[in-house]
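Chains as they are written, first to last, in the working numbering: chain A, 1 to 617; chain B, 618 to 1234; chain C, 1235 to 1583; chain D, 1584 to 1932.
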Ligand SMILES: Cc1ncc(C[n+]2csc(CCOP(=O)(O)OP(=O)(O)O)c2C)c(N)n1
Ligand SMILES: Cc1ncc(C[n+]2csc(CCOP(=O)(O)OP(=O)(O)O)c2C)c(N)n1
Ligand code: SF4
Ligand code: SF4
Ligand SMILES: [Mg+2]
Ligand SMILES: [Mg+2]
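Okay, here's the thing in structure tokens:
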């Protein structure tokens, strides 16, 4: 039977099942293969909050979404075209992200009475009419897997563990992907257990063959390669990228990296990653708490390493006092906050952008700290690197803001040649003649970095206000004002040392959508869509939150409306308003989820509609 | 010899000497007597940062300033009319706060070689011409004191301890104050040691008589009583007032007061004061750190007491995480921050207003907390009381901002009748039928306070996002957004329950000076002065920083210029700009010192001068 | 407690209820991993509660953050799931404000000994009447498997791929160093023993510190199997009981004898020693408690399990209340009008 | 340490300097109250430093906040006056990053045992090579006189006008409970002894914890006079020395003998006991260290002063460095290009 082969620009697939069903692995394999084919793509895992929830429950569903295409792909996809559901709970939890008319591939064997009950289904949705608006394909995945392995004499448990690859095989067939990369992966992964190589390969092929032969699938699809920049690519998550960006900063500055940290979701993976790279002389210190995490890092920086501390919201709050110490000491330090849903413990496994105000203002006294943010998973590499560059050059703590969405999301990354990264040159004091710990570089206003061990540079620093130049404790009123303004001026001056803000789209017009950090992809997709409709909409994504880029005010003035979508109640918006006295239109979402581009598109439409313009005037 | 008696509207005196010279006592006695005479007044002590600095050193000087008058007195005085200097260091440190032509009363005996050297004087300023622009009276205070006591056979040390009262006696003569109140105080204070009553009384009288008989003082002065509101007054410092305001809140709400705190300058005196009042059932818990201070208070509030925690900047930073917990729990809690110079340890004994941004924004996630501030030392009573009222009524943490200047400063306080204070009615849940921990009062949006011990109300709360109504843990996206907005709405709604902002002066005009908190007195004096000059200047002092008063925006729009003086780099200004999109003119001082009214006057003049107006347009 | 006291009094005194374990189960789904040792702890606590004769509305469970700290959600009492490490401090506030409540703390080895170590030792020294249950699984469960301050040296975890280089805390020793007045250890897989120990902790006035060996079958499976599993338990655990000699072994054939300050294992069957030579446990002996705690660091010795230490000393919350009562007795109930008007005042006509 | 190592190597190796105490005095005015015990500690430290044979530019003093924490300003070495309670954590970072430096911590009873208690005990358990000097004056000096976690029960202070109700920490016991490898006590008013103890602490590899009884003559005058003043000292202090029997008393006429685990005072002159009956101090005996530490809580016994405990165990910073070195040996120095390109990659033409 030959089947129709349709061409598609882009597709979003979600694999969903129990935590134990291997959905993350399945998704990652589909991703690797798809990347090798040259598609652009973006992925997002969606773990349950519980460590290992009981099988079949709604809260135990684990999902993995991939959006790939022949065009530029900026988000993991608002809505899925295909949902692979291994059990009723997976179906129930994920149905709302499936497009009307979308494809459901359900593992019929998983829809047994027990599971239906656990998911709260009164009748089997595969059999009643409730899914009639979708293309439902229910497949006996478990049984077909068993059949494929029947002659191998494997335990039931082992057989059951293979069934996800049957689903993967079907999807490979449906989207015309090769099996070889996954088979190769089996061979590496299970090198010590040839039986498993054989079993998984068989099942994968069985799934593929099933697609080919069965009647139920009428069509298969092709998604042509995207026109990506030539070069070597890898897939990378935000947390990996951040870790590597920090290592790159260490290599490029010639400074040893010291990470003082305390585990917290979703930042822990940066610790895990960095702790692997001891041959880069990376020292990771799992401290007793966040305060010891940051203060040990300050101690390490004082000693001449580059101190880094990583955390998420509640841990960030705990570090507040010590951040102030780093400010007044003027030591280099990188503070990474992978934001999650708040306030308090909030939604620890979900994403949010609500720590911006805290990053900029959350300390006692006048305590300015530069803040940079990353826009995509791979951009976390550059964000972390840039934070380190600024920290070392300006002798200042720098906050790097990532978020749960970036941290766990992955995308293809064009690996930069190491030579393309700028060198970072720390300025150590070495000459005891005329050494003053709080003298300053004329250009950067940075003080010298005088690390212990140099004869003649013995000096004392601390958290009390210090005299200009000498660094001695000073209670002098004018000196205090001078130093407060000096520390502010030093941070302000960084604005001269960062690239200007750039607009995607026209340099003026009806609407400028201004985002920051991880909303980049969703905004970009939305703005591109509107521009294709001929609307006068542009996009500006802010990576430098403090100081702001110097040309920002001038840019904002060129548009009739400034729309600021944020995953908070309007924290950037507030800053733009006070800084530039311009009205902003807010679009706020606080659901622990990233924006869908459609949400931003709708808001743009609303602004452009006459009524709204009227309301505003 | 009869001497000229001149009338004065107001006078500022500064007593200064070694830490051991009893300058605080002297100043306080002058204050009491002056208050009894019916003058309005304001005082400010000025301690050294060191506990007990070596005698004669510059950094060991202790001062006490009193400003009193027959008119309204709003500040301890920009500049002194009289400086009493017990030694060269006291002269050197304080001379810059003496007006040209001011009076110096110097204890000549203190100006010995050793002390002159310690103060860094090459020649004796009492003898060279360096003080020629002042009225210098150098008096052998020590010797005269010894003479007065010569027949009593007291130890040298004891005699030396009396000499401050000689100086006080002179000042009583010079400003025609009675001796009796101080003599009465001697009698009470030294009831167990009649010798000391005798000695101090003799010395006090000797000082008075010296003024009367000596040739050196040509004139004496009278300062008529001010036209104060009739009633019973007492002198009160900001920290005392805050402590009593908290006790008043406890009495008026019928809730036991629990203070969980950790000592820190300049907030510790609130702990000291509250720990005295155990018969009010006040429980003070000196915790192991600030985090235990606030979390124990949260625990106490959970248990049905009213939890309070007191601190200053660095301690406030440490409490950030737990404040977020209080926000999401929605328990009543009062957080008192007596601000001091920052960042970090900064200037611990000096005043500043630089924790406003931290108070409003310094937490992870969307974490709104109402913020109130006090304007004068006595106003700390009402500020603390109001914080408690809001906390209990709205089931929310509330931040009360004081500062070092208010905390240690004192002023006469018209004691309010207890009946004039509003009752505070906590709403306890008692009925297990239809009890839901996160159901809400329609008007206040407050949830019920369900304290442990009530059968049938067993329930569980925590820092994870909770479901509307039931309070169960919820990861639901829409619920999260709903709850985030609900917590914000609850705080916003407090704006309906606070008095509108009021302007001192005309309801519109050239300049509105907008201050907040402890700058009240200096701004008021400055604006009054300008108004007397016929300038179109008004004053608005903000006590409610979050939420802002509802009529504030409308008021600001009525003035050509809005001047915002702050003891920081512009934190309120930033809020006003973002909130109302109006340009503000900043006046910032970050010297660890309060504003002088003259500094504000100058800025007003500058704004009103044509050139400046031009620049702005 | 004016208002609150009134509210509480207003509740008609209920006749003492006869509870069953079920009465202490809340309506929340228990969400630990299948097989987790936390289930047993929950079950034992629920079983012991009815025996205490305390109404459940008088009980509060406070916890920090961690798998273990989910505990309060599952107890049908008042419950407070707070922030990481702060449970002892929060519980201290609850207990000082409300000495009438029975206050429990559920915490983990990370929550209680890493970020929360300071609050824990301060609670112990103050001897405030809290019952602290420390679920020791020698791992960070909730954050998916980093080593904890009780993990053994060399432990390979997500954050220590080359093995940890931290010497672990001995929780018994830490609490004894902070002068806790009640220190005990029990095992997730020994329900009867755990019930006994939990009951003893509940009955103790002052801070009770209980270390519970708890299996995290996902990230640190089998950490304590030597002490909890049939095959090895008898030879590696000595159950200590006040007034009883320290005998252990499958056939009660071994005992502990002191050699200087150090316990030595002796055979009770080869004629070299008899029961009379053995250490007799004394819960009130401070030095013995240190010796027992130290045994956990000596691999050749069995692990002591049971009530290691239990003495009476003044309780913080009682002293606080007494000061209040005596101040009221001396000065009378506080009068606000008097306070505002006391001392030096003056009148303007 | 690539760059930093190079910079350090570039400094011509200086010939070993012969220092005097003066060389360790910084140019800052010392600003403690006249008569404060801190002066003596400063003087003794400055006297001991020249004997260590370590260049002063290789020394770092880290402190928190408090009168005692002003210490680093007065030492002509590298100095770091940080924030309240965090000195052990900061020092840990310094030492891990720079094992070549000698790192000291100066802290107070509030700084080290109240807000900083957790960092202190974690430093002890990790056995990182810090020398911690805890200035115990049983009061908060800098904040003008509140009680501290070492103040005696019933203490009347600014924050406890009715007397404190907290049972105090015993710093030796806390550090031993956290398994510190070196624990000692000395006295501000015994310069020679203090010098000896400080030198021992300096020479010990691993965390050295030294409690120094320090008089705050302004807010807690005489707190330790029983142990420091001529009239009473001899009868109330036992100076312990490794390998020596525990003799004390004005005429060396008393001794300590063990009765079970508890030391008892015996007379050496009335014939009831001889030197041979006395406890012989052994710095390596863990249980003896607990017995000695506990003695501070027993008023009838003299206070032990000297090196209570000193054993060797693996040091944290050394283990960290070893892991790094062995990783480099196995994998070669990290190569960034390789890292970015390792594993699964693909090429777009
Ligand atoms: C301030 C803060 N830091 C870190 C975390 C992340 N965190 C949650 S639980 C936990 C450790 C849990 O370990 P443990 O206390 O042993 O509990 P278990 O899960 O093993 O029962 C950590 C680090 C957090 N929630 N808050
Ligand atoms: C975060 C923070 N909390 C509180 C303080 C206030 N504070 C400074 S020193 C101190 C206690 C000092 O006591 P101790 O450590 O015993 O030192 P001492 O002055 O007695 O030498 C306190 C509470 C502070 N500076 N920072
Ligand atoms: S991760 Fe471990 S401790 Fe947590 S619930 Fe699962 S088995 Fe239990
Ligand atoms: S207050 Fe006490 S500890 Fe502080 S310097 Fe003065 S005497 Fe020393
Ligand atoms: Mg654990
Ligand atoms: Mg102290």
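Note that the Cβ used here is the ideal one computed from N, Cα and C, for glycine as well.
- Tell me where the alpha helix (DSSP H) around residue 1080 of chain B begins and ends. Segment: none, residue 1080 of chain B is in no alpha helix (DSSP H) and carries neither H nor E.
- Mind reading off the beta-carbon distance from residue 1472 of chain C to residue 1480 of chain C? Whole number of angstroms is fine, and I expect it under 8 Å. 5 Å
- Query: Using the beta-carbon of each residue, which ones in chain A are nearer than 9 Å to residue 987 of chain B?
  - Reply: By Cβ distance, chain A contributes nothing, its closest Cβ being about 15 Å from residue 987 of chain B, past 9 Å.
- Item | Buried versus exposed, by CB contacts within 10 Å (16 or more), residue 1136 of chain B | buried
- Item | Buried or exposed (CB count within 10 angstroms, at least 16 for buried), residue 665 of chain B | buried
- Query: CA-CA distance, residue 1171 of chain B and residue 535 of chain A?
  - Reply: 37 Å
- Item | For residue 697 of chain B, the first and last residue of its enclosing beta strand (DSSP E) | 697-702
- Task: Please confirm whether any heavy atom of ligand 3 lies closer than 8 Å to the CB of residue 485 of chain A.
- Result: no
- By the 10 Å Cβ neighbour count, where 16 or more other Cβ atoms means buried, how is residue 636 of chain B classified, buried or exposed? buried
- Excluding five sequence neighbours on each side, which residues of the same chain lie with their C-beta closer than 6 Å to the C-beta of residue 498 of chain A? 544
- Determine, using beta carbons only, whether residue 1090 of chain B and residue 1307 of chain C come nearer to each other than 9 Å. yes
- How about residue 478 of chain A and residue 963 of chain B: do their beta carbons lie closer than 9 Å? no
- Item | Given residue 834 of chain B as reference, the closest of B:880, B:988, B:1047 and B:699 once Cα atoms are compared | B:699
- Task: Return no unless some Cβ of chain D is closer than 9 Å to the Cβ of residue 1396 of chain C.
- Result: yes
- Look at the Cβ atom of residue 581 of chain A, then the Cβ atom of residue 1074 of chain B, and state whether they are nearer than 9 Å. no
- Query: Interface residues of chain C around residue 1974 of chain D at Cβ under 9 Å?
  - Reply: What is shown of chain D runs 1584 to 1932, which leaves residue 1974 of chain D out entirely.
- Task: Taking residue 1629 of chain D as the query, report the chain A residues whose CB atoms sit under 9 Å from its CB, ordered along the chain.
- Result: Under the 9 Å cutoff, chain A gives no residues; its nearest Cβ is about 14 Å from residue 1629 of chain D.
- residue 349 of chain A Cβ short of 8 Å to ligand 2 heavy atom set: no
- Message: Shorter than 8 Å, the distance from the beta carbon of residue 1798 of chain D to the closest heavy atom of ligand 6, or not?
- Response: no
- Query: Can you find a C-beta in chain D that's less than 9 Å from the C-beta of residue 1597 of chain C?
  - Reply: The structure shown does not extend to residue 1597 of chain C, since chain C is modelled only from 1235 to 1583, so the question has no answer here.
- Please check if any C-beta of chain C sits within less than 9 Å of the C-beta of residue 647 of chain B. no
- Query: Quick one, which of A:302, A:25, A:142 and A:180 has its alpha-carbon nearest residue 37 of chain A's?
  - Reply: A:180
- By a C-beta neighbour count over all protein chains shown, 10 Å radius and 16 as the cutoff for buried, is residue 1694 of chain D buried or exposed? buried
- Under the three-state DSSP convention, the category residue 732 of chain B falls into: helix
- Would you mind listing the beta strand (DSSP E) stretches within the segment 1275-1362 of chain C that are 3+ residues and don't spill past its ends, in chain order? 1293-1297, 1312-1315 and 1336-1342
- Check: residue 1452 of chain C C-beta below 8 Å from any heavy atom of ligand 3: yes
- Would you say residue 1558 of chain C reaches chain B, if we count a Cβ-Cβ gap shorter than 9 Å as a contact? yes
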